[in-house]
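Chemist: Going by full-length UniProt numbering, the first residue of the sequence shown is number 1, and it counts up by one from there.
Please read through the structure below; I'll follow up with questions.
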Amino acid sequence: MSLPTLTDDAGLGRLAADLAAWLPHQRWYQDKARELAAVQVRDAARLSDRLLVLLVEARFADGGTADYHVPLAPAEVGALFELEGQGLGDALADPRACLDLARATVDGSTATLAGARLTARPITGSRPDDTASARALGAEQSNSSVVIDDAFVLKVLRRLETGIHPDVEVTGALTAAGFTHVPAQHGALVRAPTTDDDENQTALAILSTFLAGGREGWDLALAQTRALASGERTIEEVASEPDGLLGDIDRLGEVTADLHLTLGEAFGVEEADARHGAAWATEMRGQLDRVLALAEARAPEAAASVLAAADDLRAVFDELASLRDAGRLVRVHGDLHLGQVLRIPPPESSWQLLDFEGEPLKSLEERRARTSPLRDVAGMLRSFDYAAAASVERDGANGAEPPLAAGAWRDAARRRFLGGYVRRAGPLLPGATASQALLHAFELDKAVYELAYEIGNRPGWLAIPAGGILRVLRASHSARDPDPTDPDEPSGPDNPSGDEEEP
């Protein structure tokens, strides 16, 4: 069964109408909150006899648009669409079509209906052969993934952006640099007006190494915090688990530092100065004002402690604005948390970092810009807080503090991760006082963002970022005005000095 020739404009119009009914029901469709007015097939290409690649423009009632990638394959039964008398279905349900798409990331090249080109961008050049087996993963979110022979994973990008894609760019550079803590990128498929037009390219798919047997950091964290909260384990026991998170989390800090150092070598390092701190502070104050207004309108009682501390919150950002030395700026992960790391069991026993797309709400330009590496550190620290709070399964995990043992896990995880990070990342960081002020500001900004998210989506979880905000304020106050009667001040999880206290 062969694909249609793509010559029937009326047929493409009918296909677009069918896509308009189908598209909003896909899990990876990211515009469910917008009213879809129409769909147009903007471009199409036959990559093989079994693979038709569509670039589909969704048009919304608010006047905006978004482009989506829809790969299709011939379907004798259960067809979703029809074009020129040929039934078509989801290409990711067709193993042979999946293999064609995977191989195209390494050696594909074809013209599109609109006169552009689909072109491979190989890195290692490795690719599956014709006899490989392929299966789509069911837990797709913003993208779709296909595992091939438990050796490769094909990431099919769905909502498309014009420009150099951070995941393609960064994992390709890290693979070329020999950085072993990301899945090796073998190649990528991009659409561009010409083969060398990088600025106007659109990434469609990425082929990487599949990490068999890896366990997500979030799952490892929950296993430990829930065992602590239930009394099944002690903090000393979980800290000594050979395959757990806490006992190896300092090495995750080292790997994160090595990532930033390697990205600095690959993309360059920029010296930060007072202008950067002032710009960050202005941005952070703007978000803070918006979120405080939201909290006052929608959650004044639940967020009362945060609202009462508004002046203290602004003081943290004022301190950031006054920094003369903000360290070095490099490319970063952009959305680092426990769900973006895998621990590979023995004999490898390594940490792997995943998904370098960056924060989805930021523009492509923002995600590709150099920034302080402590932004990534702050994201991971906030993830520890969520893992501790989720240790007790209750409606919304809405206690202001997690159980005592889980809170001890959170604080120990912070100390150990920071200790490992600072041991390696020294060349990128300013002095201890400035590093502390930077980290406080970035973590506070992240928690403020989380507060807005929880108000809008999970009000029962609001106390988690609220508690994190207050802990940053206490740590910031202690750093500025240490208690002379307390020899341990400022100490604990908010001191990025490399000093570590055992639990």
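All C-beta atoms in this analysis are idealised placements derived from N, C-alpha and C, irrespective of residue type, glycine included.
(1) For Q352 versus H181, is the C-beta distance shorter than 9 Å?
(2) What are the uninterrupted segments assigned as beta strand (DSSP E) that are 3 or more residues long and contained completely in the segment 63-108, given in chain order?
(3) Taking the alpha carbon of V89 as the reference point, which residue from P346, V53 and R370 has its own alpha carbon closest?
(4) Can you tell me whether V306 is buried or exposed? The criterion is at least 16 other CB atoms within 10 Å of its CB, across all chains shown.
(5) What do you reckon, are the CB atoms on D248 and P345 nearer than 9 Å?
(6) Taking A134 as the reference, which of T119, L99 and L160 has the closest Cα?
(7) Would DSSP call G138 helix, strand or coil?
(8) Check A184 in the structure and name its three-state DSSP category.
(9) Let me know if A437 comes out buried or exposed under the rule of 16 or more other beta-carbons within 10 Å of its beta-carbon.
(10) Just the Cα atoms here: how many angstroms apart are G399 and L292?
(11) Identify the residues that DSSP records as bridge partners of V146: which are they?
(12) Label Q141 either buried or exposed according to how many other C-beta atoms from any shown protein chain fall within 10 Å of its C-beta, with 16 as the threshold for buried.
(13) Using three-state DSSP, classify I469 as helix, strand or coil.
(14) Does the beta-carbon of L15 have 16 or more other beta-carbons within 10 angstroms, so that it is buried, or is it exposed?
(15) Do P128 and A151 count as a contact pair if the criterion is CB distance below 9 Å?
(16) How many Å lie between P402 and D289 at the Cα?
(17) So R328 and V255 are supposed to be a Cβ contact under 8 Å. How far apart are they, rounded?
(18) Smallest Cα separation from F384: which of T433, I464, P430 and P300?
(19) Count the other C-beta atoms from every protein chain shown that fall within 10 angstroms of the C-beta of D335, then say buried if there are 16 or more, exposed otherwise.
(20) Does the separation of the CB atoms of Y421 and G253 fall below 9 Å?
(21) Assign D376 to one of three DSSP states: helix, strand, or coil.
(22) Kindly examine the ligand GTP and report whether one of its heavy atoms sits closer than 8 Å to the Cβ of R59.
(23) Closest to A20 by CA distance: which of R298, K32, T371 and A37 is it?
(24) Can you list, in chain order, the stretches of the alpha helix (DSSP H) that have 4 or more residues and sit fully within the segment 343-378?
(25) Using the DSSP secondary-structure output, state which residues sit across from D43 in a beta bridge.
(26) Kindly identify the DSSP beta-bridge partner or partners of E216.
(27) With distances taken Cα to Cα, identify the nearest neighbour of P74 among A58, R46, Y68 and F60.
(28) Taking the alpha helix (DSSP H) that I164 belongs to, which residues open and close that run?
(29) Cβ atoms of A441 and A281: under 9 Å apart, would you say?
(30) Shortest alpha-carbon distance to A266 belongs to which of A176, D250, A326 and A310?
(31) Quick check on the burial criterion: 16 or more other C-beta atoms within 10 angstroms. Buried or exposed for G11?
(32) Only counting the same chain, and skipping five residues up and downstream in sequence, which positions put a Cβ closer than 6 Å to that of L429?
(33) Can the beta-carbon of V146 be found less than 9 Å from the beta-carbon of A102?
(34) Nearest CA to the CA of H477: which residue from A412, L207, L313 and L160?
(35) Between R191 and L204, how many whole angstroms is the CB-CB distance? I'm expecting something under 8 Å.
(36) If we call anything under 9 Å between Cβ atoms a contact, is residue 504 one with I123?
Modeler: Let me spell this out:
(1) yes
(2) 65-74, 81-83 and 86-90
(3) Sequence check: residue 89 is Gly here, not Val. With distances taken between Cα atoms, G89 lies closest to V53.
(4) buried
(5) no
(6) L99
(7) coil
(8) coil
(9) buried
(10) Residue placement at G399 cannot be trusted, given a pLDDT of 48 that sits under 50; the coordinates are not used to answer.
(11) A136 and L154
(12) exposed
(13) helix
(14) buried
(15) yes
(16) 28 Å
(17) No, R328 and V255 are not in contact; Cβ-Cβ is about 19 Å, not under 8 Å.
(18) I464
(19) buried
(20) yes
(21) helix
(22) For the structure depicted, the ligand GTP is absent and the ligand set is empty, with no information on it obtainable.
(23) A37
(24) 364-368
(25) L55
(26) L342
(27) R46
(28) Run containing I164: none; DSSP gives neither H nor E here.
(29) yes
(30) A176
(31) buried
(32) G327 and S435
(33) yes
(34) L313
(35) 6 Å
(36) With the chain covering only 1 through 503, there is no way to say anything about residue 504.
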